[in-house]
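These notes concern the structure reproduced below.
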Amino acid sequence: HVFGCATIAGVSYFGGELGFWQGKVEKLLDDFRDFRPTAITIVPRLLNKLYDKVLLESRNKSIVDQTLLKLAIQGKLVLIRRGNFSQNTIWNKLIFRKIRQSFGGKVNRIISTSAPFSREVCQFSHAVFSCVFIECYGQTECIMGCAQSINDIEPGATGTPTPLNYLKLADVPEKEYYATDGIGEICVKSLAVFKGYLKDEAKTREAIDEQECLHTGDIGRWTPYKTMQIVDRKKNMYKLSQGEYVAPEKIEDVHARSRFVSQIFIYGNSLEIFLVSIVVLEDEYIKQWASNQGFDLQENLPSEMKKRLKHVVLDDMICEGKQRGLMSFEQVKVIEFIQEPFSIENGLLTPTFKARRYAVEKRYKDMFEKIYKTAKA
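Counting the sequence shown from 1 gives a position; the working numbering is that position plus 4.
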């Protein structure tokens, strides 16, 4: 991962120490406690799950505890907006200390890349860690295009262009994005932009234009603060039978916020009018749900219970979609559960933990066809 390489080079150059996780998600917090980092580079999924877990636990507590959590987050955000990142406030001692200690207790800077954060998760992370929170944007082809400054605490934005980088927006008329409106495909010109793809001139010409600008395929918007916000993808689009274009990665980011979902892949067939998806379940919450229903997950769930679980998970996903402004045609209509998680080892994830869409579609082609057939039966 190019961001990882840049981090290793930068920390080594300035004489810092580096720690690497063991590669096992269940031991990740042990790694944090052992190394006690002062700065961490992280992908949004981990903090999303932390946010969901804290939120779920708070729902099972008293109204007083829930109110205290809300007041703590609001109080910390007020201080942070004033430039006060103190970790010794009453809110830290009462509410956030335990969470901070689980990450080693010394974190003063968090750097995130690979996918955008929601406003809620970003504000929650600011409050919990009371530290500088930097979102970056870049690609393998150009390393880092832009990054937030220390004083930029706007949630969901990725900051301003980094030194030596020039950013411009290009029109994407097929999706009605125009640079004159401050929104379009992000193009990067820099000494850091790559020269081309190995033995693939056609793909190189498609990526780099005559002005030597790299067309990233990401749709960005200039905010009122002159920072860049990623809002969509130009590629990886499905066109449904009624003519609507949908961006699966955007929808996956929303539906993955469901507490029941560990991983999700959304698929659309151009001959169909709706989207379907395959889901890897989040064990912790599924076990809790099954226990509440009087079932032991050591045994296979009966078909009727599995059917009920599908409704519960789908309803929760749709609820997340409505809260985050998905259109009706962007909402998944049918889901199916799978046992094997997507991973780098099985070829279904990239090193940046994004789905290899072609590989997933190829492996689960028959399942997608079956889902559509069953839905229309």
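Note that the Cβ used here is the ideal one computed from N, Cα and C, for glycine as well.
Worksheet item: Among D370, A211, F333, which one has its Cα closest to the Cα of T220?
Response: Here residue 220 refers to the residue found at position 216 of the sequence shown. For T220, the closest alpha carbon among the candidates D370, A211, F333 is that of A211.
Worksheet item: Can I223 and S116 be called in contact, C-beta distance under 8 Å?
Response: Translated into the one-based positions of the sequence shown, residue 223 becomes position 219. Translated into the one-based positions of the sequence shown, residue 116 becomes position 112. No. Outside cutoff.
Worksheet item: Bridge partners of R225, per DSSP?
Response: For the purposes of this step, residue 225 is taken as residue 221 along the sequence shown, with counting starting at 1. Note: R225 is bridge-paired with I187, Q233 in the DSSP secondary-structure output.
Item to complete: Using the Cα positions of T354 and K28, report the straight-line distance between them to the nearest angstrom.
Response: Counted from its first residue, the sequence shown places residue 354 at position 350. Counted from its first residue, the sequence shown places residue 28 at position 24. So the two alpha carbons sit approximately 17 Å from each other.
Worksheet item: Thinking C-alpha only, which one of R361, N350, I339, L352 is nearest T378?
Response: Looking up residue 378 in the sequence shown gives position 374. Closest option to T378, Cα to Cα, is I339.
Discussion item. Can you determine whether any heavy atom of the ligand FAD sits closer than 7 Å to the C-beta of E349, and answer yes or no?
Written reply: As far as ligands go, the structure on display features none, and thus does not contain the ligand FAD.
Discussion item. Assuming I84 is part of the alpha helix (DSSP H), what are its boundary residues?
Written reply: Walking along the sequence shown from the start, residue 84 turns up at place 80. Annotation for I84: the continuous alpha helix (DSSP H) segment containing it runs 67-85.
Worksheet item: Assuming G108 and P41 make a contact with CB atoms under 8 Å, what is their CB distance in whole Å?
Response: One-based indexing of the sequence shown puts residue 108 at position 104. One-based indexing of the sequence shown puts residue 41 at position 37. Right, their Cβ atoms sit about 6 Å apart.
Worksheet entry | Per-residue burial, P252 [other beta carbons within 10 Å of its own, 16 or more giving buried] | In the sequence shown, residue 252 corresponds to position 248, counting from 1. With a threshold of 16 other beta carbon atoms within 10 Å, P252 meets it and is buried.
Fill in: C135 vs I103 beta-carbon contact at 8 Å
Taking the first residue of the sequence shown as 1, we reach residue 135 at position 131. Taking the first residue of the sequence shown as 1, we reach residue 103 at position 99. Using a Cβ distance threshold of 8 Å, C135 and I103 do not count as a contacting pair.
Worksheet item: CA-CA distance, F89 and Q152?
Response: Against the sequence shown, residue 89 aligns to sequence position 85. Against the sequence shown, residue 152 aligns to sequence position 148. Their Cα atoms are separated by approximately 17 Å.
Discussion item. Taking the straight line between their C-alpha atoms, what separation do you get for L244 and L279?
Written reply: As a position in the sequence shown, residue 244 is number 240, starting the count at 1. As a position in the sequence shown, residue 279 is number 275, starting the count at 1. Cα-Cα distance, rounded: 8 Å.
Worksheet item: By how many angstroms is the C-alpha of N96 removed from the C-alpha of I138?
Response: Sequence index remark: in the sequence shown, residue 138 carries index 134 (1-based). Sequence index remark: in the sequence shown, residue 96 carries index 92 (1-based). Each residue's alpha carbon lies about 21 Å from the other.
Worksheet item: So, are the CB atoms of A174 and E189 less than 8 Å apart?
Response: Looking up residue 174 in the sequence shown gives position 170. Looking up residue 189 in the sequence shown gives position 185. Taking C-beta atoms as the reference points, A174 and E189 count as a pair closer than 8 Å.
Practice prompt. Check whether the Cβ atoms of T231 and D156 sit closer than 8 Å, and answer yes or no.
Written response: Taking the sequence shown and counting its residues from 1, the one referred to as residue 231 is at position 227. Taking the sequence shown and counting its residues from 1, the one referred to as residue 156 is at position 152. Yes; because the gap between Cβ atoms is below 8 Å, this pair is in contact.
Practice prompt. Output the boundary residues of the alpha helix (DSSP H) element that contains V258.
Written response: Numbered from its first residue, the sequence shown carries residue 258 at position 254. For V258, the enclosing alpha helix (DSSP H) starts and ends at 252-259.
Practice prompt. Would you list the one or two residues that DSSP bridges to M148?
Written response: Here the question's residue 148 lines up with position 144 in the sequence shown. Beta-bridge partners assigned by DSSP to M148: G142.
Worksheet item: Relative to the alpha-carbon of E334, which residue among Q70, G298, P165, E276 has its alpha-carbon at the smallest distance?
Response: Here residue 334 corresponds to residue number 330 of the sequence shown, with the count starting at 1. With distances taken between Cα atoms, E334 lies closest to E276.
Worksheet item: Between I147, E214, Y182, which lies nearest to L168 when the distance is taken from Cα to Cα?
Response: The count along the sequence shown starts at 1 and reaches residue 168 at position 164. Nearest option by C-alpha distance: I147.
Worksheet item: Between R328 and the rest of its own chain, which residues show a CB-CB distance below 6 Å, the 5 nearest in sequence each way excluded?
Response: Sequence index remark: in the sequence shown, residue 328 carries index 324 (1-based). The beta carbon of R328 sits closer than 6 Å to the beta carbons of V258 from its chain, once the five residues preceding and following it are set aside; these are given in chain order.
Item to complete: Could you pull the start and end residues of the alpha helix (DSSP H) that I322 belongs to?
Response: On the sequence shown, residue 322 is found 318 positions in, with the first residue counted as 1. Unbroken alpha helix (DSSP H) run through I322: 307-327.
Worksheet item: Using the rule of at least 16 other Cβ atoms within 10 Å of the residue's Cβ for burial, across every protein chain shown, is G272 buried or exposed?
Response: As a position in the sequence shown, residue 272 is number 268, starting the count at 1. Buried.
Worksheet item: Since H219 sits in a beta bridge, which residues does DSSP pair it with?
Response: On the sequence shown, position 215 is the one that residue 219 refers to. H219 is bridged by DSSP to C191.
Item to complete: Tell me, to the nearest whole angstrom, how far the beta carbon of T144 is from that of V6; I am working on the premise that it is less than 8 Å.
Response: If you number the sequence shown from 1, residue 144 lands on position 140. If you number the sequence shown from 1, residue 6 lands on position 2. Yes, T144 and V6 are in contact; Cβ-Cβ is about 5 Å, under 8 Å.
Worksheet item: So what does DSSP say about L98, is it helix, strand or coil?
Response: Position 94 of the sequence shown, counting from 1, holds the residue named residue 98. Assignment of L98 by DSSP, reduced to helix, strand and coil, places it in the helix class.
Practice prompt. Kindly provide the ranges of any alpha helix (DSSP H) runs that are 4 or more residues long and lie completely inside the segment 7-56, ordered along the chain.
Written response: List check, alpha helix (DSSP H) in window: 32-39.
Worksheet entry | Contact the segment 352-368 vs the segment 123-130: 3+ CB pairs below 8 Å | They do not touch, by the three-pair rule.
Practice prompt. Going by DSSP, name the residue or residues bridged to S116.
Written response: The count along the sequence shown starts at 1 and reaches residue 116 at position 112. In the DSSP output, where bridge partners are listed per residue, S116 has I46, E139.
Item to complete: Could you tell me whether the Cβ atoms of I282 and F264 are closer together than 8 Å?
Response: Counted from its first residue, the sequence shown places residue 282 at position 278. Counted from its first residue, the sequence shown places residue 264 at position 260. Their beta carbons are not under 8 Å apart, which means I282 does not touch F264 by this criterion.
Worksheet entry | Span separating the alpha-carbon of Y249 from that of M241 | Here residue 249 corresponds to residue number 245 of the sequence shown, with the count starting at 1. Here residue 241 corresponds to residue number 237 of the sequence shown, with the count starting at 1. M241 has its alpha-carbon roughly 6 Å from the corresponding atom of Y249.
Worksheet item: Can you tell me whether DSSP reads Y376 as helix, strand or coil?
Response: Locating residue 376 in the sequence shown gives position 372, counting from the first residue. The three-state secondary structure of Y376, taken from DSSP, is helix.
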